[in-house]
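A.B. asks: Same order as they appear, the protein sequences are chains A and B.
Quick note on my numbering: the first sequence kicks off at 1355 and runs consecutively.
Quick note on my numbering: the second sequence kicks off at 1355 and runs consecutively.
We treat Cβ as the ideally placed atom computed from N, Cα and C, and that holds for glycine.
Sending over a structure as C-alpha cells; questions will come in a sec.
There are 2 protein chains.
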Amino acid sequence: MTVSTDSPTGDLSKAQLAHHWIRSRISDGTFSPGYRLVLGQIARELDVSAVPVREAIRLLEAEGLVTFERNIGAQVAMLDATEYVHTMQTLSLVEGYATALSAPVLDADTLERARQINAEMADCLGHFDPVSFTRLNLEFHSTLFEACPNPHLLDLVHRGWSRLSALRDSIFSFVPGRAHESVAEHTALLDLIENGADPLQVELAARNHRLGTLDAFLARQNTPAR
Amino acid sequence: MTVSTDSPTGDLSKAQLAHHWIRSRISDGTFSPGYRLVLGQIARELDVSAVPVREAIRLLEAEGLVTFERNIGAQVAMLDATEYVHTMQTLSLVEGYATALSAPVLDADTLERARQINAEMADCLGHFDPVSFTRLNLEFHSTLFEACPNPHLLDLVHRGWSRLSALRDSIFSFVPGRAHESVAEHTALLDLIENGADPLQVELAARNHRLGTLDAFLARQNTPAR
DNA sequence: GCGCTATAAATCGTATATGATTTGAGACAT
DNA sequence: ATGTCTCAAATCATATACGATTTATAGCGC
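Okay, here's the thing in C-alpha cells:
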C-alpha cells in the first residue's frame, strides 16, 4: 500500500535484512536526517557482522537516502531546499508519466476508490490532520500510478517518494493554503482519466499538480523559485 | 564525454574500483549479457578479496546492469524486448525533460558544436558506419542535456544510457531506414532550441525523437508495438 | 588560556576463514 | 538409456581478525 513500508517477502540475506531495516528506521523517523549510521553499532543491534551492514549502507547511498564518505562513515542524508526542488521536479515528471500510462488501464472500481480516498483527504482539512492528509495523498496517487505497465518507471516513482517521505518531515505533501486546491486538482485529474482524456493531458495534469505543491511550498519558505 | 566511460577521479576504495572496473568491462563488451560474474574469479583478477567485489556487484545490480540471485551468483543482465522498450520509454521521458531544462542555458557555441556533431552523423550515413553513428548520437544528446541544472534528473538519464549501451549491442541508436530521419529531427530540435521555443515543445520533440527510434526498432523486429 | 603534538580510542576497509548452499559427476538401480 | 542417489567441488554469505585512517583526549610549552 504505502511505498516504503512494504515488508520484504521471502527469505532474505542478512545484508538485505539490514537494508530494509535501516530504510524502515529512516522512513519512520527513528533515524532522522543527519543521524550518524555507525556500522558496528547497527551490526550489534541486528546481531550480524559489519560486512552485510556496510553493503546495506552502500545500497542506501546509491538510493540517495544516505551519504557516505570513505573512512568517515555514513549518515542519513539531509535534503536542502535545492535537493528538495530537484527531487520533486523529477518526481513530478516520472509520476506524471506513470499516471498517464496507467490511466487507460484503470477500471471503474479503482477510480471510485481513488475518489473515496480524496474525500477522506477533504475530511482531513476539516479537522486539521496533515499527517493523515499526506498518507492519503500517497495512497491516492499510488492508486493511480500502480497500474503503470513500465516497471522501470514505477521504480523511479517509488524511489522519488521514498526519498521525499524519508528525508523531509512526514507532512511534506501538506502545504497550508494549498491543500484545498490539491483536493480539487485530484478531482479534476480523476475526471480527465474517467473521460478517457488524451494521455499527454493526463500526464501534464498530474505533473503540474505536483509542481503546484512544490511552488506553494517554496513560496511559503521565501525560497527562490525553481 | 561518453556516459559510462568516465574514469573515476581521486582515491577510491577497492569496492569502488571493482565497481568501475566491472562496469567498464560490461560497457566495452568484454562481459556481454549473460556472462557469469564469479566473485572469486573477479577478486583474483583484481587482486582483492571477494568482499569488495560482492559489494560492487550488488551496486551494479541496483543499477540494473547485472542480475543477482542469492546463493547462485551474478550475471550480466539480459535485456529482452520488453525491458528494452521500458528502458527506452523511461529514457525518452527523462532525457526529453533534461533537454528542455537545459535548453535555455545553452550558448551559441554549444549549439554550433551540436550542429557539427550532427553533420558528422550525416557523414556516417554516407559511408555506412553505425558504430560511429551511435557514438556521435550519444555525444549529440549529451551536449544538449548536460547543462540540465537538475542533477537527479541527469543521473537518471545517465543510468538509462548506461543500461542501453551496455546491454544492447553497441549500435542500438542506429536503425536502418530511420537514421536519416533521426538526423533531420536533430536539426529540427536544434532549431526549436535556438528559437527559444516553449520548453514543453522542446521536451516533446526530444521525447518523440527517441520514441521514434524505438518504434522503428520494434517495427523492424516485428515486435508488438509498445 | 591557547595552540601544538603525541597518544589512545573509535571506526572504517578488507583479507582471511568458515559454514551454508548449489551444482555437477559418477555410481547404481530400473 | 533414464532417472535418482550420493558425494565432492565450486561458489556464495558472513563472521572474525587486523591494518589503516580518522577523531578525540591529554599533555606540554608558550
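Between which residues of its own chain and Leu1419(A) is the CB-CB distance below 8 Å, once the five residues before and five after are set aside?
C.D. replies: What you label residue 1419(A) is simply residue 65 of the first sequence in a count that begins at 1. If we look at Leu1419(A) and ignore the five residues flanking it on each side, its Cβ neighbours are Arg1377, Ile1380, Val1430, Ala1431, Ser1516, Arg1517, Ala1520 and Leu1521.
A.B. asks: Return the CA-CA distance between Ser1603(B) and Phe1528(B), expressed in angstroms with no decimal places.
C.D. replies: As displayed, chain B neither begins before 1355 nor continues past 1580, which places residue 1603(B) out of reach and without an answer.
A.B. asks: Does the beta-carbon of Asn1504(B) have 16 or more other beta-carbons within 10 angstroms, so that it is buried, or is it exposed?
C.D. replies: As a first step, residue 1504(B) must be located in the second sequence, where it is residue number 150. Burial call: buried.
A.B. asks: Does the distance from the C-beta atom of Arg1408(A) to that of Leu1393(A) stay below 8 Å?
C.D. replies: Residue 1408(A) sits at position 54 when you count from the first residue of the first sequence. Residue 1393(A) sits at position 39 when you count from the first residue of the first sequence. Contact flag set, yes.
A.B. asks: Looking at Glu1449(A): is its Cβ nearer than 8 Å to the Cβ of Ala1533(A)?
C.D. replies: For the purposes of this step, residue 1449(A) is taken as residue 95 along the first sequence, with counting starting at 1. For the purposes of this step, residue 1533(A) is taken as residue 179 along the first sequence, with counting starting at 1. Going by C-beta atoms, Glu1449(A) is not nearer than 8 Å to Ala1533(A).
A.B. asks: Measure from the C-beta of Leu1521(A) to each C-beta in chain B and report whether the shortest distance is under 8 Å.
C.D. replies: The count along the first sequence starts at 1 and reaches residue 1521(A) at position 167. No, its Cβ sits nowhere closer than 8 Å to a Cβ of chain B.
A.B. asks: Where do the N-terminal and C-terminal ends of the alpha helix (DSSP H) with Ala1570(A) fall, by residue?
C.D. replies: Along the first sequence, one-based indexing puts residue 1570(A) at 216. That run of the alpha helix (DSSP H) goes Pro1553 to Gln1575.
A.B. asks: Gln1372(A) lies in the alpha helix (DSSP H); which residues open and close that run?
C.D. replies: What you label residue 1372(A) is simply residue 18 of the first sequence in a count that begins at 1. Residue identity differs from the one stated: residue 1372(A) is Ala in this sequence, not Gln. Looking at the DSSP string, the run of the alpha helix (DSSP H) that includes Ala1372(A) is Lys1368 to Ser1381.
A.B. asks: Can you give me the C-alpha to C-alpha distance between Arg1390(B) and Ile1426(B), rounded to a whole angstrom?
C.D. replies: Working through the second sequence from its first residue, we reach residue 1390(B) at position 36. Working through the second sequence from its first residue, we reach residue 1426(B) at position 72. So the alpha carbons of these two residues sit roughly 10 Å apart.
A.B. asks: Can you have a look at Glu1557(B) and say buried or exposed, based on whether 16 or more other CB atoms are within 10 angstroms of its CB?
C.D. replies: Residue numbering aside, residue 1557(B) sits at position 203 when the second sequence is read from its first letter. Buried, because 16 or more other Cβ atoms sit within 10 Å of the Cβ of Glu1557(B).
A.B. asks: What does Thr1453(A) touch in chain B if you count any residue whose Cβ is under 8 Å from its own?
C.D. replies: By 1-based counting over the first sequence, the position of residue 1453(A) is 99. Residues of chain B passing the Cβ test: none, with the nearest at roughly 12 Å.
A.B. asks: DSSP state of Val1420(A), grouped into three classes?
C.D. replies: In the first sequence, the residue the question calls residue 1420(A) occupies position 66. Val1420(A) falls in the strand class under three-state DSSP.
A.B. asks: For Asn1504(B) and chain A, any beta-carbon pair shorter than 8 Å?
C.D. replies: Taking the first residue of the second sequence as position 1, residue 1504(B) is located at position 150. It does; some Cβ of chain A falls within 8 Å.
A.B. asks: Under the DSSP definition of a beta bridge, which residues are partnered with Val1448(A)?
C.D. replies: Taking the first sequence and counting its residues from 1, the one referred to as residue 1448(A) is at position 94. According to DSSP, Val1448(A) bridges with nothing at all.
A.B. asks: In angstroms, rounded to a whole number, what distance separates the CA positions of Ala1404(A) and Glu1423(B)?
C.D. replies: As a first step, residue 1404(A) must be located in the first sequence, where it is residue number 50. As a first step, residue 1423(B) must be located in the second sequence, where it is residue number 69. So the alpha carbons of these two residues sit roughly 21 Å apart.
A.B. asks: List, in chain order, every chain B residue whose beta-carbon is nearer than 9 Å to that of His1440(A).
C.D. replies: Within the first sequence, the letter at position 86 stands for residue 1440(A). Here the neighbours are Pro1503, Asn1504, Pro1505, His1506 and Leu1507.
A.B. asks: Take the Cβ of Val1511(A) as the centre, count every other Cβ of all protein chains shown within 10 Å, and call the residue buried at 16 or more, exposed below.
C.D. replies: In the first sequence, counting from the first residue as 1, residue 1511(A) sits at position 157. Val1511(A) is buried by the Cβ-count criterion.
A.B. asks: For Phe1482(A), is the classification buried or exposed, using 16 other Cβ atoms within 10 angstroms of its Cβ as the cut-off for buried?
C.D. replies: Numbered from its first residue, the first sequence carries residue 1482(A) at position 128. The residue is exposed, with fewer than 16 neighbouring Cβ atoms inside 10 Å.
A.B. asks: Rounded to whole angstroms, what is the Cα-Cα separation between Phe1526(B) and Asp1523(A)?
C.D. replies: Position 172 of the second sequence holds residue 1526(B). Position 169 of the first sequence holds residue 1523(A). Approximately 43 Å between the Cα atoms of the pair.
A.B. asks: Hey, could you find the ends of the alpha helix (DSSP H) Gly1394(B) is sitting in?
C.D. replies: Looking up residue 1394(B) in the second sequence gives position 40. Looking at the DSSP string, the run of the alpha helix (DSSP H) that includes Gly1394(B) is Leu1393 to Leu1400.
A.B. asks: Would you say Ala1590(B) reaches chain A, if we count a Cβ-Cβ gap shorter than 8 Å as a contact?
C.D. replies: Coverage of chain B is limited to positions 1355 through 1580, which leaves residue 1590(B) absent and any answer about it impossible.
A.B. asks: Sorted by chain position, which residues of the same chain lie with C-beta nearer than 7 Å to Arg1469(A)'s C-beta, five sequence neighbours on each side aside?
C.D. replies: Residue numbering aside, residue 1469(A) sits at position 115 when the first sequence is read from its first letter. Only Leu1544 meet the Cβ criterion.
A.B. asks: Give the residues of chain B in contact with Glu1474(A), contact being defined as C-beta atoms less than 7 Å apart.
C.D. replies: As a first step, residue 1474(A) is located in the first sequence; it is residue number 120 there, counting from the start. In chain order: nothing, as chain B lies at least about 31 Å away.
A.B. asks: With Ala1428(B) and Glu1415(B) assumed to form a contact (beta carbons below 8 Å), what rounded beta-carbon distance in angstroms separates them?
C.D. replies: The residue given as residue 1428(B) occupies position 74 in the second sequence. The residue given as residue 1415(B) occupies position 61 in the second sequence. With 8 Å as the limit, Ala1428(B) and Glu1415(B) qualify as a contact, their Cβ atoms being about 7 Å apart.
A.B. asks: So Gln1443(A) contacts chain B; which residues on that side make the cut at Cβ distance below 9 Å?
C.D. replies: One-based indexing of the first sequence puts residue 1443(A) at position 89. The answer, in chain order, is Tyr1451, Leu1455, Asn1504, His1506 and Leu1507.
A.B. asks: Along the chain, where does the alpha helix (DSSP H) containing Gly1514(A) start, and where does it finish?
C.D. replies: As a first step, residue 1514(A) is located in the first sequence; it is residue number 160 there, counting from the start. Residues Pro1505 to Leu1521.
A.B. asks: If you follow the beta strand (DSSP E) that Ala1428(B) is part of, which residue opens it and which one closes it?
C.D. replies: Locating residue 1428(B) in the second sequence gives position 74, counting from the first residue. Unbroken beta strand (DSSP E) run through Ala1428(B): Gly1427 to Val1430.
A.B. asks: Buried or exposed: Gly1514(B), going by 16 or more other Cβ atoms within 10 Å of its Cβ?
C.D. replies: Working through the second sequence from its first residue, we reach residue 1514(B) at position 160. Counting Cβ neighbours within 10 Å, Gly1514(B) comes out buried, since at least 16 surround it.
A.B. asks: Starting from Arg1390(A), follow its DSSP beta bridges and name the residues at the other end.
C.D. replies: As a working mapping, residue 1390(A) is identified with position 36 in the first sequence. Gln1429(A).
A.B. asks: Tell me whether Ala1538(B) sits in a helix, a strand or coil according to DSSP, three-state version.
C.D. replies: As a position in the second sequence, residue 1538(B) is number 184, starting the count at 1. Three-state result, Ala1538(B): helix.
A.B. asks: Note down, in chain order, every chain A residue with its Cβ under 7 Å from the Cβ of Glu1423(B).
C.D. replies: The sequence position of residue 1423(B) within the second sequence is 69, counting from 1. Simply none; closest approach about 11 Å.
A.B. asks: In whole angstroms, what is the alpha-carbon distance linking Asp1401(B) and Leu1366(B)?
C.D. replies: Start at 1 with the first residue of the second sequence, and residue 1401(B) comes out as number 47. Start at 1 with the first residue of the second sequence, and residue 1366(B) comes out as number 12. Distance between the alpha carbons of Asp1401(B) and Leu1366(B): 15 Å.
A.B. asks: Within the continuous alpha helix (DSSP H) that includes Ala1457(A), where are the two ends?
C.D. replies: Locating residue 1457(A) in the first sequence gives position 103, counting from the first residue. Run containing Ala1457(A): none; DSSP gives neither H nor E here.
A.B. asks: On the premise that Ala1369(A) lies in contact with Ala1435(A), defined as a C-beta separation below 8 Å, what is that separation, rounded to the nearest angstrom?
C.D. replies: For the purposes of this step, residue 1435(A) is taken as residue 81 along the first sequence, with counting starting at 1. For the purposes of this step, residue 1369(A) is taken as residue 15 along the first sequence, with counting starting at 1. That pair is no contact at about 34 Å.
A.B. asks: With Arg1489(B) as the anchor, note down where its alpha helix (DSSP H) starts and where it stops.
C.D. replies: By 1-based counting over the second sequence, the position of residue 1489(B) is 135. Looking at the DSSP string, the run of the alpha helix (DSSP H) that includes Arg1489(B) is Pro1484 to Phe1499.
A.B. asks: So is Leu1413(B) in contact with chain A if we call contact Cβ pairs under 8 Å?
C.D. replies: Looking up residue 1413(B) in the second sequence gives position 59. Answer yes: the Cβ-Cβ gap between Leu1413(B) and chain A drops below 8 Å somewhere.
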